[in-house]
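Visitor: Residue numbers (the working numbering): 54 to 372. Cβ coordinates follow ideal geometry from the N, Cα and C atoms, glycine included.
(1) Grab me the residues of residue 364's own chain with a C-beta within less than 6 Å of its C-beta, minus the 5 sequence neighbours each way, in chain order.
(2) Mind reading off the beta-carbon distance from residue 335 to residue 371? Whole number of angstroms is fine, and I expect it under 8 Å.
(3) Determine the contact status of residue 151 and residue 237, defining contact as a CB-CB distance below 7 Å.
(4) Taking the alpha carbon of residue 359 as the reference point, which residue from 281, 299, 368, 327 has its own alpha carbon closest?
(5) Please report whether the beta-carbon of residue 240 lies at a distance below 7 Å from any beta-carbon of chain E.
(6) Since I believe residue 296 is in contact with residue 286 (beta carbons under 8 Å), could you give me their beta-carbon distance rounded to a whole number of angstroms?
(7) What's the gap between the Cα of residue 189 and the Cα of residue 265?
(8) Compute the beta-carbon to beta-carbon distance between residue 273 and residue 248, rounded to the nearest angstrom, for a pair I have assumed lies under 8 Å.
(9) Let me know the secondary structure DSSP gives residue 331 once reduced to three states.
(10) Go ahead and label residue 366 buried or exposed: buried means 16 or more other beta carbons lie within 10 angstroms of its beta carbon, across all protein chains shown.
(11) Assuming contact is defined by CB atoms lying nearer than 7 Å, are residue 196 and residue 183 in contact in what I supplied?
(12) If you run the structure through DSSP and keep just helix, strand and coil, what is residue 241?
(13) What's the gap between the Cα of residue 271 and the Cα of residue 119?
(14) Kindly confirm or deny that the stretch 215-229 and the stretch 134-146 touch, where touching means at least three C-beta pairs closer than 8 Å.
(15) Rank 317, 318, 294, 322 by C-alpha distance to the C-alpha of residue 34 and give the top, closest one.
(16) Kindly provide the ranges of any beta strand (DSSP E) runs that are 3 or more residues long and lie completely inside the stretch 103-187, ordered along the chain.
(17) Along the chain, where does the beta strand (DSSP E) that runs through residue 214 open and close?
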């Protein structure tokens, strides 16, 4: 009886005040909608920073010259504006010759692919001083969707691409590079050889977050010379004043380094070494050079082929 009376009272209350209840529900719905919209806008804003825009985030000396600051940032802005506008040739011409060579193989078509990957749709960017060392100025450019233009409806509304742009002092000017590229140096064919093979170091290519060594392997006999199989990352390393760092493997492409019978081929090895680290490489170490009579690359046959090797040994080349 009690519950029946309560139900009737509730129904009667709703009937008497139904218009007020409808209005209250509408107002509540609007308030919830506004709060959700404001929350999404807040989340979509590019991250704010509390630091001086000319203080390196990671390390290095502060750029003390306001003229240098202006020159560097004007050059970055000029490049990024050309890229954003898809003025490929103008943007490409700003790059240093070495950056064109080592990042894009001197092919503007590869550069176009790079630009299109960064500036697809409506994008804007911000510039931040990142790390400075030895007249090399590394800036981080954040590229994100222009939410004022897209209204947060784009599929990449919450995505930010971070690009390392490098400027290197060159007389009174600055050379600009992208992809964190800093410099390429010849190693003057530093080499080691024996009766089976010759290893010639060709170049050291420095990026902000890695160093890539290029070298040539020549076989001097009919035997097979194997420097590295696809499996494992302990075949080749570098010494940083006593610390050994392993090669960074490419899991999407073959890392096998092998030459057969009087063949001569060039290879690369990449190591995770930051430009602004205190330690730098002093030697490259080939931990397991295998001189083989037969090599198929088949995992099931590898142990047998290694057991029948003519010779296995390690080799260190000072850099």
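Guide: The structure says:
(1) 344
(2) 7 Å
(3) yes
(4) 281
(5) Protein chain content of the structure displayed is limited to a single chain, and chain E is not contained in it.
(6) That pair is no contact at about 16 Å.
(7) 18 Å
(8) 7 Å
(9) coil
(10) exposed
(11) no
(12) strand
(13) 52 Å
(14) no
(15) The structure shown does not extend to residue 34, since the chain is modelled only from 54 to 372, so the question has no answer here.
(16) 176-186
(17) 213-223
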